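Residue numbers (UniProt numbering), protein chains in the order written: chain A, 1 to 337; chain B, 1 to 318; chain C, 1 to 272.
Glycine is no exception: its CB is placed at the ideal position from the N, C-alpha and C atoms.
All of these numbers come straight from a predicted model, not from anything done at the bench.
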Amino acid sequence: MHALQFVAKRLLLMIPILIGISILTFAISNTIPGDPARLILGPKATPEGLEALREDMGLNDPLYVQYGRYMGGIAQGDLGQSTYSQRPVLNDLLRYSPATFELTMFAMVVTLVVGIPFGIISASRKDKLADQFTRIFALLGVAMPAFWLGLLLLLFFYLKLGVLPGSGRLDGGMAPPDYITGMYTVDALLTGNWPVLYAAIMHLILPGLTLAAVTIGMITRMTRSSMLSVLKSDYIRTAYAKGAPENRVLYGHALRNGVMPVITLLGMAFGHALGGSVLVEAVFSWPGLGQYAVNAINYLDFPAVMGVTLLIAVIFILVNLIVDTLYFFIDPRLKHN
Amino acid sequence: MALLEVTNLKQHFIIKKGFLGEKTTVKAVDGVSLFIEEGQTLGIVGESGCGKSSLGRSILRLAEPTEGSIKFKGEEVTDMNAKQMKELRKEMQIVFQDPYASLNPRNTVRQILEAPLAIHNIGSRKERREKVELLVEKIGLRKDQLNNYPHEFSGGQRQRIGIARALMLEPRLIIADEPVSALDVSVQSQVLNLMLELQQEMNLSYMFISHDLSVVQHISDKVAVMYLGKVVEISDVEKVYSDPKHPYTRALLSALPVPDPTQKKERIILQGDLPSPSNPPSGCPFHTRCPMATKECAEIVPPLEEKTPGHFAACIHT
Amino acid sequence: MVRRITSSPLTVLGLVIVLIILITAAFAPVIATHSPTEVDLVSKLEAPSAEHYFGTDEVGRDIFSRIVYGTRISLRIGLLVVAISFPIGTILGAIAGYIGGRVDQVIMRITDIFLSFPGIILAMSIAAALGPSIENVMLALAATWWPWYTRIVRSSVLSIKHSEYIEANRALGANPFRILFKEIVPNAMAPATIQASLDLGFVILAAAGLSFIGLGAQPPSPEWGAMLSNSREILREAWWAATFPGLAILLTVLGFNLLGDGLNDLLDPKQR
Ligand SMILES: Nc1ncnc2c1ncn2[C@@H]1O[C@H](COP(=O)(O)OP(=O)(O)OP(=O)(O)O)[C@@H](O)[C@H]1O
Ligand SMILES: [Mg+2]
């Protein structure tokens with residue numbers, strides 16, 4: 001199959017999923033207990049006033065008409081008005097998402113740089129001390145409540161040692177770099193704003209590592225088991241039997257075949273990181289989507305919560321699409337079926 | 001009257017292919033006619049993918065036949081309702097190729113062997129136990145092994161269990177789908193001999209599917225050679241093996257080791273791959289690989305003709 | 001059987017942890033040294049001591065006792081969420097895998113939609129819509145969890161459905177009911193059951209996360225996530241308030257994880 005064909009097919013398959021997601025979020029929005037009209041007008045509203053507002057808000061229309069309106073709105077980028085910030089939700093999302101994106105990307109990079117080598121070491125030293133340690137750490141990572149780890153890191157590195165900043169994206173009073181991508185590290189790098197770059201990286205370390213802890217566990221375990229199954233395969237055994245030196249076998253054949261399947265799981269890991277960012281941002285007052293969502297929850301700002309949900313789902317799907325496409329290019333076997 | 005008589009049986013599978021789900025038809029069995037006499041064994045041979053298993057499953061209606069007639073003891077099987085089918089299943093059983101996949105890994109041998117009786121509500125608890133114990137000794141296992149799980153047995157032992165399960169209902173006909181292909185050669189003959197003994201003792205008929213011509217020769221009375229869903233040659237074993245009438249049969253036989261090394265035989269090597277059953281060649285299905293093929297072969301579909309008395313083959317050149 | 005469990009030290013560890021959790025939940029009033037909710041401003045923010053094993057919080061509540069009582073809350077959440085989502089998920093998965101065709105497609109598209117949200121995000125928005133309470137968090141988690149079981153059961157049913165031993169049973173004349181419930185379901189349930197035991201831990205983790213951001217358990221409930229959320233205010237003064245509830249969550253998730261892995265080996269008939 002042609003690569004273009006593959007991407008086209010995946011894009012087509014996304015359409016029903018996106019429709020499904022919109023139906024699901026619409027359904028969730030409609031389960032809000034209570035009457036939105038009463039919520040707005042307050043306890044002293046007259047029945048006539050309530051009825052008029054309901055009619056006005058379209059709450060009396062059949063559900064499918066309401067859904068049509070909701071979809072029409074989304075198609076035009078109208079996600080409703082945040083009742084807390086009093087701004088269109090879309091504006092808020094655009095404002096807060098670079099911070100979340102920066103954080104999750106940082107965590108993903110750390111995950112890959114740490115998780116894959118750990119997995120490889122663990123597999124190649126199976127049942128030895130290094131393997132045992134890696135496995136225990138990976139298991140702890142998977143079972144770790146990220147928000148708790150965040151609190152502990154905060155306690156130690158910020159409150160106790162004072163070596164790392166514990167909240168926000170930049171030092172107090174520091175002006176953000178000129179806006180290009182909204183990700184401070186990238187923008188500071190592009191504009192050559194070194195003090196800001198330094199501060200931005202320092203601020204990323206604690207929340208980034210916290211977020212990465214969980215996904216490192218995941219990726220390490222997966223790399224390990226994938227490597228082990230490759231190392232056990234006849235193919236590798238033959239290579240050994242033919243007298244190929246151990247290192248060459250490990251890094252030549254096994255690495256390529258063992259690490260490749262892990263790529264397919266990157267999408268899932270990214271999803272975990274996105275979900276986890278909500279909690280981690282809350283710990284480190286990281287002004288991203290998660291923090292925005294948590295504030296919205298506390299102020300019962302429902303359009304904002306739904307906006308974040310929808311956006312994260314869409315990002316998640318797109319990331320999976322990218323990962324699958326990447327895998328398609330890397331793995332020649334897929335092209336044939 | 002033959003025990004089983006199959007006429008013009010077809011088993012077509014419609015499969016969806018590609019992104020848009022274009023439908024193609026796989027003609028796994030395409031107009032097969034044959035019969036099996038009481039107490040006899042019909043061997044079915046052919047390359048992988050020629051439709052042997054599909055034929056067997058179709059006769060048992062494990063997959064609904066697309067077309068054709070199946071008569072068991074003179075009664076039309078394809079017309080039977082669910083209740084009649086259940087009765088029929090007591091008389092017609094199947095043994096599978098893979099002794100690892102054909103036994104439920106979570107059931108003990110006793111559970112596996114009692115299941116047929118339970119399904120058909122035969123006998124009391126005690127009677128079932130006794131029946132299982134009787135049969136288990138017949139197939140050469142010990143009573144105390146009944147509480148073991150399939151994975152605790154060797155491939156040959158598992159296959160015996162599979163045979164015992166098929167025999168629990170005392171059937172007349174057993175369709176054995178490559179029952180020994182998955183076994184070591186030394187174990188193969190043990191299982192084959194067991195099957196022959198049981199045949200004698202219980203007056204069984206077999207439809208014995210295999211791609212191993214020497215095994216088929218050993219066990220069969222008659223043999224049918226299949227190619228791309230069709231029977232291309234069918235007759236008594238001796239006739240087919242000593243005087244094959246179809247070039248495909250000749251090619252298959254030429255690959256067999258010769259018992260007498262002084263007798264020189266030329267090995268016929270088939271050209272090309274087996275064509276896809278979803279896109280079979282025109283005319284004679286074998287013409288694309290046939291050493292004798294002429295222009296007509298691509299046009300005429302050769303009928304299964306009686307070449308010498310009782311010896312049928314589908315080739316216009318012999 | 002017993003020997004097989006005890007032959008793996010990690011499984012034993014998991015079993016021990018889970019047993020401790022169960023005992024703690026069952027005998028919380030006996031084990032706790034103080035009331036979990038009683039305010040005692042005189043002894044507020046006390047460090048761990050013989051009197052208060054895990055210290056006290058900003059209103060003098062005994063953290064050890066709160067954690068002990070919190071075990072009940074967490075265990076109840078884990079059990080109820082799995083008890084709701086497991087049957088729904090496995091039945092739908094069995095139907096999808098066994099019937100196939102249109103039914104399968106519809107069910108699987110629905111699970112695809114649910115799984116295209118990162119789990120905690122979907123649970124968060126459902127819980128937010130329903131309003132913050134522990135019951136709503138359970139509902140929300142159940143609503144996001146079932147598709148996993150559907151997927152697992154469906155794929156095992158599919159692989160079993162086409163296996164020769166099912167074919168053999170059809171040839172014997174077994175009716176579809178017998179085949180589904182005697183042959184397919186017992187084999188297909190094993191992977192889902194293992195997942196469920198892992199999930200007991202993960203559900204507790206997710207619920208704690210939701211309570212941490214203000215959904216779920218509300219103060220003064222001694223729910224672990226809510227306690228952690230509360231501890232942020234006093235992080236500088238009372239490290240113990242943040243440390244111990246998290247440790248409880250970690251151990252619980254770890255315990256169910258180890259047990260699940262052990263179960264994995266145990267339910268494999270090839271090792272019986
Ligand atoms: N359920 C099915 N759906 C679609 N195609 C099928 C199905 N069963 C069999 N086929 C196709 O029908 C053809 C014949 O298959 P069959 O299994 O009957 O061959 P066989 O002679 O038994 O081969 P083997 O020696 O490998 O067992 C093959 O091309 C196969 O792919
Ligand atoms: Mg076959």
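Spatial neighbours of B:S154 in its own chain (CB-CB distance under 8 Å, excluding positions within 5 residues in sequence) are listed in chain order as V187. Neighbours of A:M144 in chain C, taken as residues whose beta carbon is under 7 Å from its own, are L250 in chain order. Beta-carbon to beta-carbon, B:V232 and B:A314 are separated by about 5 Å, close enough to satisfy the 8 Å threshold. A straight-line Cα-Cα distance of about 38 Å links A:G173 and A:A75.
Between B:I209 and chain C, the shortest Cβ-Cβ separation is not below 7 Å. Taking a Cβ-Cβ threshold of 8 Å, the residues of chain A close to C:D112 are I17 and G20, in chain order. Taking 7 Å as the CB threshold, C:S8 stays off the interface with chain A.
Taking a beta-carbon distance threshold of 7 Å, B:A101 counts as an interface residue toward chain C.
Residue contact with chain C for A:T309: present (Cβ-Cβ distance below 7 Å to some residue of chain C).
C:L258 is a Cβ neighbour of C:L13, given a cutoff of 7 Å. Under DSSP, B:I14 takes part in a beta bridge, and its partners are B:T25.
Remark: the shortest separation between the CB of B:P65 and any heavy atom of ligand 1 does not fall under 6 Å. Judged by DSSP secondary structure, C:S125 falls within the alpha helix (DSSP H) whose first and last residues are G119 to L130. Beta-bridge analysis with DSSP links C:D57 to no other residue. Think of a sphere of 7 Å around the beta carbon of C:S163: the chain B residues whose beta carbon falls inside it are A101, in chain order. Residue burial annotation: A:M57 is exposed, with fewer than 16 other C-beta atoms found within 10 angstroms of its C-beta. With contacts defined by Cβ atoms closer than 7 Å, C:W145 and C:I88 do not form a contacting pair. The beta strand (DSSP E) runs lying completely inside the region 22–99 of chain C and spanning 3 residues or more number zero. Here B:V95 carries a strand assignment [DSSP, helix/strand/coil]. One thing to note: A:L279 has its Cβ within 7 Å of the Cβ of A:A146. Straight-line spacing of the CA atoms in A:N295 and C:V137 works out to 18 Å. The count of Cβ pairs closer than 8 Å, one atom from the region 58–73 of chain C and one from the region 16–36 of chain C, reaches three, so the stretches are in contact. CA-CA distance, C:Y98 to A:I23, rounds to 27 Å. Spatial neighbours of A:V214 in its own chain (CB-CB distance under 8 Å, excluding positions within 5 residues in sequence) are listed in chain order as G141, V142, M144, A146, H272, A273 and G276.
Using a Cβ-Cβ distance cut-off of 8 Å, the region 113–122 of chain A and the region 184–194 of chain C are not in contact, since fewer than three pairs of beta carbons, one from each stretch, lie closer than that value. For B:T41, the uninterrupted beta strand (DSSP E) run begins and ends at T41 to V45, by DSSP.
When CB distances to chain A are screened at a threshold of 7 Å, the residues of the region 255–268 of chain C falling below it are N257, in chain order. Fewer than three Cβ pairs drawn from the region 104–124 of chain C and the region 57–68 of chain C lie within less than 8 Å of each other, which leaves the two stretches out of contact. Within the region 46–87 of chain B, the complete beta strand (DSSP E) segments of 3 residues or longer fall at 67–72, listed in chain order.
Judged by the Cβ position, B:V136 fails to qualify as a neighbour of ligand 1 at the 6 Å threshold, every heavy atom of the ligand being at least this far. Only exposed fits A:A8, as fewer than 16 other CB atoms lie within 10 angstroms of its CB.
In terms of Cα proximity to A:G258, the closest of A:F284, A:V230 and A:I136 is A:V230. Under DSSP, no beta-bridge partner is assigned to B:K295. In this structure, ligand 2 has no non-hydrogen atom nearer than 6 Å to the beta-carbon of B:K71. Taking non-hydrogen atoms of ligand 2 into account, the C-beta of C:K182 is found less than 6 Å away from none of them. Taking the C-beta atoms as reference points, A:A212 is found no nearer than 7 Å to A:A200.
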